[in-house]
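Novice: Protein chains in written order, with the working numbering: chain A, 2 to 492; chain B, 5 to 304.
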């Protein structure tokens with residue numbers, strides 16, 4: 002594939018036109034409009050892609066202004082064109098063919114002038130976007146309902162609207178050999194951790210791939226602990242969340258073509274934060290926060306502890322309960338671990354089909370799932386009711402921490418298997434291994450559990466619970482060299 | 005990275021090597037609630053098992069008594085196992101009954117067997133009765149199983165009388181090993197219900213004394229395992245909140261009592277009662293009445 006880097010425009014107008022026609026000979030979307038500059042004989046060519054440009058802008062600001070230009074001097078050149086003729090807020094001059102290609106492929110219009118080895122690229126982007134909608138996975142009861150869309154420029158504008166400060170920095174880069182996707186590093190100059198910024202830029206620059214279609218491509222390339230169950234890069238579709246994270250000294254990476262913006266560094270405690278924690282009263286939010294921690298623990302532990310207690314440690318169970326379990330389990334042909342894994346699998350299948358099926362099928366699916374799994378399997382003695390209850394409870398509590406759904410799934414299974422092999426000893430061994438692995442994780446050089454290590458009241462203000470905004474006067478201290486105080490511009 | 009992988013491999017191998025020892029499904033065994041040993045010539049073991057309702061949902065669990073015979077406790081349990089299709093699960097066994105006809109070496113064998121088998125809880129309560137199998141068969145259970153009834157009965161008796169029987173298996177085994185006397189609460193069937201009727205005191209695997217409930221309370225004061233209780237003095241009850249017995253260098257026992265009611269006659273009557281009891285069981289108890297002094301301390 003030829004990227005035409007190094008190739009420059011020539012003086013010959015026709016030759017330049019032929020070059021672009023040759024490059025896009027198999028692309029019928031390219032439009033070439035040739036016109037004269039006013040009443041002179043000087044020719045212009047407007048190159049743009051149909052559907053990518055704002056048609057009326059091209060017509061009115063470019064073509065019309067060129068065609069109706071008056072008193073065009075004999076020595077009119079590209080400078081005259083850019084300064085005196087064209088109505089446009091943003092235009093650039095270039096000799097490089099690669100630059101022109103990049104511009105017109107991005108929705109700009111290239112203006113080639115006769116007898117000039119330079120061309121103008123004018124911003125006429127007019128592709129359609131989805132518009133501002135509330136993200137479906139990040140709904141809130143109270144608070145802003147804006148969401149990003151696929152156009153990075155609009156997303157950046159939304160962020161800028163939240164942070165109207167000259168401290169906001171937006172640096173652009175291109176990724177993907179074929180897609181040349183625009184990405185933007187967004188951060189607040191006075192708050193950002195420069196070491197993190199250098200590190201993330203270095204990692205992104207080393208990415209070598211033909212196309213970046215979503216921010217997750219970048220996440221998987223640059224994340225620490227590549228095989229860890231826990232995510233070390235945050236993501237969101239909400240501009241208010243991005244603004245809040247930038248105010249804590251994080252770096253946001255906006256990727257063109259996707260509404261999902263990623264942020265670094267990302268800490269373990271963020272998995273338990275909800276978007277609306279900061280829009281509700283702190284007491285209400287604290288209850289939700291504490292519940293999420295509890296539900297995470299319950300979600301991974303309930304099946305494992307149930308298996309351990311009913312197969313290895315029955316002396317720990319009250320006799321009446323033991324008799325009930327024994328009675329309800331009698332006749333079930335499978336060992337407890339097989340029952341548990343089958344139920345987990347069934348629930349995951351139901352969840353996935355529920356997500357991806359049309360709404361009209363949703364009701365039928367829930368009836369099938371409920372009746373088949375809930376009632377029929379138990380009555381047919383394929384599954385036992387206590388195990389079904391344990392797994393259902395585990396699945397329901399797992400929904401409280403959507404950011405950890407992948408980790409919860411794997412942890413639940415591994416803990417259940419360990420419990421079936423060694424009882425509570427196996428459970429504790431695997432929990433210890435998980436704890437060690439979590440403590441070992443870093444996110445762009447920052448400790449993943451930095452907010453939980455060396456606990457102090459200041460650090461705990463926004464972890465297991467949230468204190469009032471009145472008392473959250475300092476930023477989190479994982480970024481060591483930033484202004485800590487939220488209220489005044491002092492350290 | 006290499007070290008992490010090797011460590012992970014070691015842990016996984018450890019998990020695999022441990023295999024499934026101790027693994028059993030909840031419905032894969034009969035839950036034993038009481039076990040009893042009898043025997044004149046050979047050993048007879050009787051267990052009360054509680055089974056789940058089976059194929060019917062929400063049916064009541066039921067208990068039944070199964071017996072086995074053998075030349076040793078282990079053989080007897082083995083013959084019992086051969087009669088049933090599932091394993092016996094002892095984790096919820098609350099009572100170990102010893103038949104009166106089991107004494108001497110046979111009792112010693114039972115105690116050793118109890119120590120050796122891992123399934124039996126060391127903190128299980130031990131009881132004495134006339135015949136363990138008859139006791140289990142003749143009585144009706146109030147709750148799910150007779151074993152639970154016996155445990156409930158023991159708890160109730162302890163709280164009413166204040167006697168701490170010290171009849172756990174490990175307590176009795178320790179006393180037996182040290183050559184000291186040990187005692188079991190005595191069970192019998194009354195109106196198809198199991199009740200505790202006194203205490204049997206053993207030494208060197210032979211029954212030395214059988215106390216009534218009241219004597220058992222007095223004995224507990226002297227043995228120092230009492231949290232208070234009521235003693236009937238003929239006209240009134242003396243409500244004792246606390247007692248403590250100590251032995252001084254001169255070989256004298258001093259029993260300190262905290263009495264809730266003020267009673268001038270109490271110390272005289274109490275001493276007489278102790279003397280009467282000691283007279284009855286002088287040799288076994290190794291006490292001498294003239295070496296007991298009572299100190300009264302009036303409580304509130």
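Note that CB positions come from ideal geometry on N, CA and C, so glycine has one too.
Which chain A residues are close to residue 27 of chain B, counting only those with a beta carbon under 7 Å from its beta carbon?
Specialist: 312, 313
Novice: Could you tell me the boundaries of the alpha helix (DSSP H) in which residue 435 of chain A lies?
Specialist: 406-441
Novice: If I'm right that residue 123 of chain A touches residue 110 of chain A with Cβ under 8 Å, what's the distance once you round it to whole angstroms?
Specialist: 5 Å
Novice: Is it true that the segment 446-458 of chain A meets the segment 244-264 of chain A, where meeting means three or more beta-carbon pairs spaced less than 8 Å apart?
Specialist: no
Novice: Check whether the Cβ atoms of residue 268 of chain A and residue 452 of chain A lie closer than 7 Å to each other.
Specialist: Yes, Cβ-Cβ distance for residue 268 of chain A and residue 452 of chain A is below 7 Å.
Novice: Is residue 330 of chain A close to chain B, meaning its C-beta is less than 7 Å from at least one C-beta of that chain?
Specialist: yes
Novice: Determine the DSSP secondary structure at residue 34 of chain A, reduced to helix, strand or coil.
Specialist: strand
Novice: With DSSP collapsed to three states, give me the class of residue 77 of chain A.
Specialist: coil
Novice: Around the C-beta of residue 174 of chain B, are 16 or more other C-beta atoms found within 10 angstroms, so that it is buried, or is it exposed?
Specialist: By the 10 Å Cβ count, residue 174 of chain B comes out exposed.
Novice: Below 9 Å between beta carbons is the criterion; list the residues of the segment 422-433 of chain A that meet it against any residue of chain B, in chain order.
Specialist: 422, 423, 424, 426, 427, 430, 431
Novice: Please determine, among A/407, A/194, A/172, A/235, the residue with the shortest C-alpha to C-alpha distance to residue 479 of chain A.
Specialist: A/194
Novice: DSSP three-state call for residue 476 of chain A: helix, strand or coil?
Specialist: coil
Novice: Counting contacts by CB-CB distance shorter than 7 Å, is residue 60 of chain B in contact with chain A?
Specialist: Any reading at residue 60 of chain B needs caution, since the residue's pLDDT is 49, under 50, leaving its predicted position unreliable; the model's value is listed next. Chain A contact via Cβ: absent.
Novice: For residue 94 of chain B, is the classification buried or exposed, using 16 other Cβ atoms within 10 angstroms of its Cβ as the cut-off for buried?
Specialist: buried
Novice: Which residues in the same chain as residue 17 of chain A place their Cβ atom closer than 7 Å to its Cβ, once the five residues preceding and following it in sequence are excluded?
Specialist: 10, 11, 113
Novice: DSSP three-state call for residue 156 of chain A: helix, strand or coil?
Specialist: helix
Novice: In whole angstroms, what separates the C-alpha of residue 82 of chain A from that of residue 49 of chain A?
Specialist: Rounded to the nearest angstrom, the two C-alpha atoms are 18 Å apart.
Novice: Near residue 152 of chain B, what residues of its chain come up, given a Cβ to Cβ distance below 7 Å and the 5 sequence neighbours on each side ignored?
Specialist: By the criterion of a C-beta distance shorter than 7 Å, residue 152 of chain B is surrounded in its chain by 37, 98, once the five residues flanking it on both sides are discounted.
Novice: Could you work out which residue in A/33, A/6, A/234, A/29 is closest to residue 19 of chain A when comparing CA atoms only?
Specialist: A/33
Novice: Tell me the start and end of each unbroken alpha helix (DSSP H) in the segment 280-326 of chain A that is at least 4 residues and wholly inside, in chain order.
Specialist: 283-312
Novice: List, in chain order, every chain B residue whose beta-carbon is nearer than 8 Å to that of residue 336 of chain A.
Specialist: 29
Novice: I need the DSSP call for residue 188 of chain A, collapsed to helix, strand or coil.
Specialist: Residue state for residue 188 of chain A is assigned as strand, using DSSP reduced to three classes.
Novice: Please report how far the alpha carbon of residue 164 of chain A lies from the alpha carbon of residue 473 of chain A, in whole angstroms.
Specialist: 19 Å
Novice: I need the straight-line Cα distance from residue 200 of chain A to residue 374 of chain A, nearest angstrom please.
Specialist: The alpha-carbon atoms of residue 200 of chain A and residue 374 of chain A are separated by roughly 49 Å.
Novice: Give me the Cβ distance between residue 413 of chain A and residue 304 of chain A, rounded to the nearest whole Å; I'm assuming they're in contact under 8 Å.
Specialist: The Cβ separation is near 6 Å, so the contact holds.
Novice: List the residues of chain A that residue 54 of chain B touches, going by C-beta distances under 7 Å, in chain order.
Specialist: 324
Novice: Out of B/79, B/223, B/87, which has the shortest C-alpha to C-alpha gap to residue 188 of chain B?
Specialist: B/223
Novice: Taking the beta carbon of residue 216 of chain B as the centre, do at least 16 other beta carbons fall within 10 Å, making it buried, or is it exposed?
Specialist: exposed
Novice: With a threshold of 8 Å, are at least 3 pairs of Cβ atoms found where one atom belongs to the segment 415-430 of chain A and the other to the segment 286-306 of chain A?
Specialist: yes
Novice: What's the C-alpha gap between residue 59 of chain B and residue 353 of chain A?
Specialist: Low per-residue confidence applies at residue 59 of chain B: pLDDT is 48, beneath 50, and the placement is therefore not dependable enough to give any value.
Novice: Would you mind working out which of A/47, A/29, A/28, A/30 sits nearest residue 37 of chain A, comparing C-alpha positions?
Specialist: A/47
Novice: Where in the segment 316-395 of chain A do unbroken runs of the alpha helix (DSSP H), each at least 4 residues long, occur, reported from the N-terminal end onward?
Specialist: 320-330, 337-357, 360-369
Novice: So for residue 84 of chain A, helix, strand or coil by DSSP?
Specialist: helix
Novice: Would DSSP call residue 153 of chain B helix, strand or coil?
Specialist: helix
Novice: Please determine, among B/119, B/91, B/53, the residue with the shortest C-alpha to C-alpha distance to residue 180 of chain B.
Specialist: B/119
Novice: Give a yes or no on whether 7 Å exceeds the smallest Cβ distance from residue 95 of chain B to chain A.
Specialist: yes
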